[in-house]
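A short worksheet on the structure shown next.
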Amino acid sequence: MTSIDSGGLSERGMKCTIPTFSYLGLFLATKARPWSASDPDGYIALAVAENRLSFEILRPKLQESLSLPSEIECYNDPSGLAPLKINIASLMMRTILPDIQVEISHLCFSAGCNAILDNLFFCIAAPGESVLIPAPYYPAFDNDLTAKAGMIPVPVQMPKVGELFIAPFEAAYLAAQQQGHKATSILLTNPNNPTGTVYDKGQMLEVMVWAFKRGVHVVSDEIYAWSVYKSEPVEFVSAPRLMCAAAKAAGVSEDAAGDLLHTVFGLSKDFCMSGMRVGWVHSRNETLHKAMSNIGYFAGCSNLIQHALASLLSDDALIDHYLVENCRRLEAGYTTLESAVKAAGIPYTPAQGAMFFCINLRKYLHEDTFAGERALFQALFDEERLLFTPGKDCHFETPGNFRICFAAVDPAALPVAMERLVTFLETKWKKPE
246 MTSIDSGGLS ERGMKCTIPT FSYLGLFLAT KARPWSASDP DGYIALAVAE
296 NRLSFEILRP KLQESLSLPS EIECYNDPSG LAPLKINIAS LMMRTILPDI
346 QVEISHLCFS AGCNAILDNL FFCIAAPGES VLIPAPYYPA FDNDLTAKAG
396 MIPVPVQMPK VGELFIAPFE AAYLAAQQQG HKATSILLTN PNNPTGTVYD
446 KGQMLEVMVW AFKRGVHVVS DEIYAWSVYK SEPVEFVSAP RLMCAAAKAA
496 GVSEDAAGDL LHTVFGLSKD FCMSGMRVGW VHSRNETLHK AMSNIGYFAG
546 CSNLIQHALA SLLSDDALID HYLVENCRRL EAGYTTLESA VKAAGIPYTP
596 AQGAMFFCIN LRKYLHEDTF AGERALFQAL FDEERLLFTP GKDCHFETPG
646 NFRICFAAVD PAALPVAMER LVTFLETKWK KPE
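By our numbering, the letter at position 115 of the sequence shown is numbered 360, and the numbering carries on one by one without gaps.
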């Protein structure tokens, strides 16, 4: 059904006109006057999960790799070019999956992780089914999973200390069934966005065993897998390394478990290439790959980019150096923020990876509600030209949490941002008596 008021769009088309983020307009406004050394009063936008810290290390080799061989001129395998698959498989086995044989037939590429997740959920779930997502989570999942696939995202608040880790998943699963929206999948992000925390091996195993017993798909979004800059308090373990143990504990075959586990990776964050639009899924589900190759034509990666990246990733020494240096720079940014909030007595969530720093400003809210959180968020933008991600967008359970994305700006802007924040909270934002 369409109408003049909707511009002739369908109902589903109108749903797509809703902004992905509640703060999208403000983010676009920061583009008019971004902070720089020559404009120290400009906006400091810390609400975009982008990494601009280290690309210059890769740029010369990537530029050198941009050529026009005849094989990139025509249609090709929609799941990805073989040379790129081979070098990505080699990278994975050399780093995060050292004890896994990564077959190139288990890899499917698309134009970024958003496209991978969209196509993946389109294939493994039906419209109106639920996907359980540990909260807090990436703000755009709500849009990405509903716009086309028609899923119902269900935030699952994590248990308190001393409670069973799997209990909230079981409760959400049963509730979804009762509401007529069967939960057919779980979506984990490890390391987590927005907190930068890492699930420990026991937690990952527990979730996978629980899911395999129920025939529930496990999607492990590991887009930040190569951005783990701290090995403590827990070790990052990629989901495929746990599949066999989880299958055994769940009492299912490895083939059955392989059909249910899908791990998503990308180059946007860890490799500072968000504009290249390259993501992939690792899955042993042969039928899934047939389906995704079909619809992959709608969101394929450019042959030119794939060819250049295959050449770039063939230089193991360069890539290994890059990964170490990028993690060093990420940790430096994290440390800058941590030192500032510690000195100011602002609570925060210790992180191990990715590019996020979560602070808790609940004690500063004029009203202990999400409306109070939004008021502080807006005041920081209007008066201090600071843009953070409000916690409500990430489905935090309580108000007052803010996500800081620290890798998308000049590192020199971070101390300035923290000085503005602390000065504002201590001198300008007085909580009513």
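Where a beta carbon is used, it is the ideal one built from N, C-alpha and C, also for glycine. Just so you know, these numbers come straight off a predicted model, no measurement behind them.
ALA585: member of the alpha helix (DSSP H) spanning 561 to 589, first to last residue.
Here the region 592 to 603 lies against the region 461 to 479, with 3 or more beta-carbon pairs under 8 Å apart. Taking 8 Å as the upper bound for CB-CB distance, SER299 and GLU467 are not in contact here, some 19 Å apart. For ILE333, the enclosing alpha helix (DSSP H) begins and ends at 327 to 339.
Between THR265 and the set ASP638, PHE651, PRO372, the nearest pair of CA atoms involves ASP638.
Taking the C-beta atoms as reference points, PHE386 is found no nearer than 8 Å to LEU419. Between ASN321 and ALA544, the CB-CB gap reaches or exceeds 8 Å.
About 7 Å separates the CB atoms of ALA585 and VAL667; that is less than 8 Å, so the two are in contact.
Inclusion of LEU610 and GLY617 in the CB contact set at 8 Å is warranted, their separation being smaller than that value.
Where TRP525 is concerned, the enclosing beta strand (DSSP E) starts and stops at 524 to 528. Runs of beta strand (DSSP E) with 3 or more residues, each lying fully within the region 594 to 622, are found at 601 to 605, listed in chain order. Straight-line spacing of the CA atoms in PRO314 and ASP565 works out to 27 Å. Closest by C-alpha distance to GLU477, out of PRO595, CYS517, LEU670, is PRO595. Nearest Cα to GLY645 within the set TYR288, THR532, GLU612: GLU612. Under the 8 Å Cβ criterion, the region 358 to 378 does not count as touching the region 337 to 345, having fewer than three qualifying pairs. Residue nearest to PRO436 within the set GLU451, ALA394, SER483, ARG459 is SER483 (criterion: CA-CA distance). Between HIS640 and PRO381, the beta carbon gap of about 5 Å places them in contact (Cβ cut-off 8 Å). In terms of CA proximity to PRO384, ARG648 leads the group SER375, PRO305, ARG648. Taking 8 Å as the cut-off, the beta carbon of VAL479 is found no closer than this to the beta carbon of THR429. In the DSSP assignment, SER375 falls within the unbroken beta strand (DSSP E) covering 375 to 380. Residue pairing of ILE397 in beta bridges, as defined by DSSP: SER375.
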